[in-house]
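Residue numbers (the working numbering): 2 to 521. Don't be surprised by glycine CBs; every beta carbon is placed ideally from N, CA and C. Structure, as structure tokens:
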């Protein structure tokens, strides 16, 4: 991220975090020591020159370092990127909060699973509630009964079972409806009853005629709770038209209250089962999405005869935002593209699919790499603006007849030419990431290429950012060292060796990982 931001303003960017005692590096190349803690934004002397330090907006504890520019330009450059850094940090904080919330919900699900096993419920909610409505109304002598369940998503009570009248045509009841007895029972979580012959049971605001055969009615909250958690109201059971006398006794109230507790368990059990079904469907859909996304990536066989290529792409989630593609362009020329959407998961995967779709069209229609990326930016500008997303991307065209590589690099730091002998050469960025770049800002560069000897090596940050138990990143140097040791081998062997070393080095990756090696 900081490399792309630095490229955006033409300087060097670091991100520091105050831990209560000193500034600790949060992102960017490690200078070996942190700067002094400033009282406010301003110029600060540092090893190698003067830097600008400024707090990152409303994100407490974070400071942005801007360097590599004349002192008079540092403050303005920092002002350009601080809002973006603040938005990214806020998004990360929100993501952590949502992850914590999701974790707590899964703990609740596990607890509810244990309760459902104790209850031993095996019937569906509609079957269970219909049976309960029939049995309860029979025992207490009520001609009419209904069971209503709270719909969390809509904030209403929905009737799920009836006795003595039809369920069809009954609309939901809002829980804030002041005229509804059931809504009041739900809100107050207490029994509301009316008995015309017993004044002490009269509910003064619900004793008006309700249009039933008799005046007496009994409405009981359906509550449910687990140890250590507050009791929740999940619905209401209603009884009217008492047989053998227009009153419900105290025994009736106790019986219906006890049954309501069992209904609460049935309601929660049914919700749990339905949630499990949705999760199973979601897992299945995620597996399909994963397979479909990987099928968007081309097979190395596409370049058979023109070039030898190997690639691996491992999303951190079921789907991700890394992508690559390559194609024949005629006269032995080969086009290679690799990119990284600045996120992962479904939102990144959607942008990745759009990029893959557009890349093939523009690569075939354009003459030079910079024209291809410019056309890609133009076709995706609306989507990138509305989603507030961007992506780094490298696109190169290898011409074996001319012995050169022409490329355009939109903010992608991990692109290298690895010669048969000597050190790897970084293929520097020629523009900011797409989504941050402006029309006309994408430039093209050319480097000589040794056919059958040089390697094009591209990867994404998830590969080198993976850390071991000690917090040490896998790192660019470790990856390049492995590639150089095996530079004379086939690309497939090189990719397999790098990925195996990365797997053995780090813990569970938190970002998408992609590596591509090509020899022409």
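Exercise for the section: Return the CA-CA distance between residue 340 and residue 411, expressed in angstroms with no decimal places. Expected result: 9 angstroms
Exercise for the section: Step through the CB atoms of chain C and report whether any lies within less than 7 angstroms of the CB of residue 482. Expected result: Of the protein chains in the structure, only one exists, and it is not chain C.
Practice task
Tell me whether the beta-carbon of residue 151 lies closer than 7 angstroms to the beta-carbon of residue 236.
Solution key: yes
Handout entry: Other residues of its chain near residue 7: CB distance less than 6 angstroms, five sequence neighbours each side excluded
Key = 13, 14
Handout entry: Delimiting residues of the alpha helix (DSSP H) encompassing residue 373
Key = 370-388
Exercise for the section: Would you check if the segment 408-422 and the segment 448-456 touch, i.e. whether three or more CB-CB distances between them fall below 8 angstroms? Expected result: yes
Handout entry: Separation of residue 26 from residue 56, as counted between CA atoms
Key = 14 angstroms
Exercise for the section: Give me the Cα-Cα distance between residue 510 and residue 45, rounded to the nearest whole angstrom. Expected result: 36 angstroms
Handout entry: Nearest-angstrom Cα separation, counted from residue 277 out to residue 252
Key = 38 angstroms
Exercise for the section: Below 8 angstroms on the Cβ atoms is my guess for residue 10 versus residue 81; work out the distance and round it to an integer in Å. Expected result: 6 angstroms
Exercise for the section: Give the straight-line distance between the Cα atoms of residue 382 and residue 84, rounded to the nearest whole angstrom. Expected result: 20 angstroms
Exercise for the section: Enumerate in chain order the residues of its own chain whose CB-to-CB distance from residue 188 is below 7 angstroms, with the five nearest sequence positions on each side excluded. Expected result: 176
Exercise for the section: Could you say which of 301, 312, 520, 351 lies nearest to residue 496 if we only look at CA atoms? Expected result: 312
Problem - Validate contact between the segment 53-72 and the segment 29-44 using beta carbons, cut 8 angstroms, 3 pairs - result: yes
Exercise for the section: Could you have a look at residue 559 and say whether DSSP puts it in helix, strand or coil? Expected result: In the structure displayed, the chain extends from 2 to 521; residue 559 sits before or after that span and is not available.
Exercise for the section: Per DSSP, which residues does residue 52 bridge with? Please list them. Expected result: 45
Handout entry: Buried or exposed by the 16-neighbour rule on C-beta atoms within 10 Å, applied to residue 136
Key = exposed
Handout entry: Beta-carbon proximity list for residue 425, same chain, < 8 angstroms, skipping 5 on both sides
Key = 417, 418, 419, 458, 481, 484, 485
Exercise for the section: Determine the contact status of residue 397 and residue 406, defining contact as a CB-CB distance below 7 angstroms. Expected result: yes
Problem - Close-in-space but distant-in-sequence residues of the same chain around residue 323 (CB under 6 angstroms, 5 per side omitted) - result: 314, 341, 461, 513, 515
Handout entry: Rounded separation between residue 430 and residue 439 - CA only
Key = 14 angstroms
Handout entry: Span separating the alpha-carbon of residue 507 from that of residue 351
Key = 28 angstroms
Handout entry: Contact check, residue 335 vs residue 304, beta carbons under 7 angstroms
Key = yes
Practice task
Count the other C-beta atoms from every protein chain shown that fall within 10 angstroms of the C-beta of residue 463, then say buried if there are 16 or more, exposed otherwise.
Solution key: buried
Practice task
Just the C-alpha distance for residue 161 and residue 238, rounded to the nearest angstrom, thanks.
Solution key: 10 angstroms
Exercise for the section: Grab me the residues of residue 449's own chain with a C-beta within less than 7 angstroms of its C-beta, minus the 5 sequence neighbours each way, in chain order. Expected result: 404, 405
Handout entry: Three-state class that DSSP yields for residue 305 in the structure shown
Key = coil
Handout entry: According to DSSP, residues forming a beta bridge with residue 239
Key = 147, 220
Practice task
May I ask you to report which of helix, strand or coil DSSP gives residue 347?
Solution key: helix
Exercise for the section: Using three-state DSSP, classify residue 444 as helix, strand or coil. Expected result: coil
Practice task
For residue 244, count neighbouring Cβ atoms within 10 angstroms of its own Cβ and tell me buried if that reaches 16, exposed if not.
Solution key: exposed
Practice task
Consult DSSP for residue 156 and reduce its assignment to one of helix, strand or coil.
Solution key: coil
Practice task
For residue 391, name the three-state secondary structure that DSSP assigns.
Solution key: coil
Problem - residue 364, DSSP secondary structure in three states - result: helix
Practice task
Classify residue 366 as buried or exposed, calling it buried when 16 or more other Cβ atoms lie within 10 Å of its own Cβ.
Solution key: exposed
Handout entry: Contact check, residue 242 vs residue 94, beta carbons under 7 angstroms
Key = no
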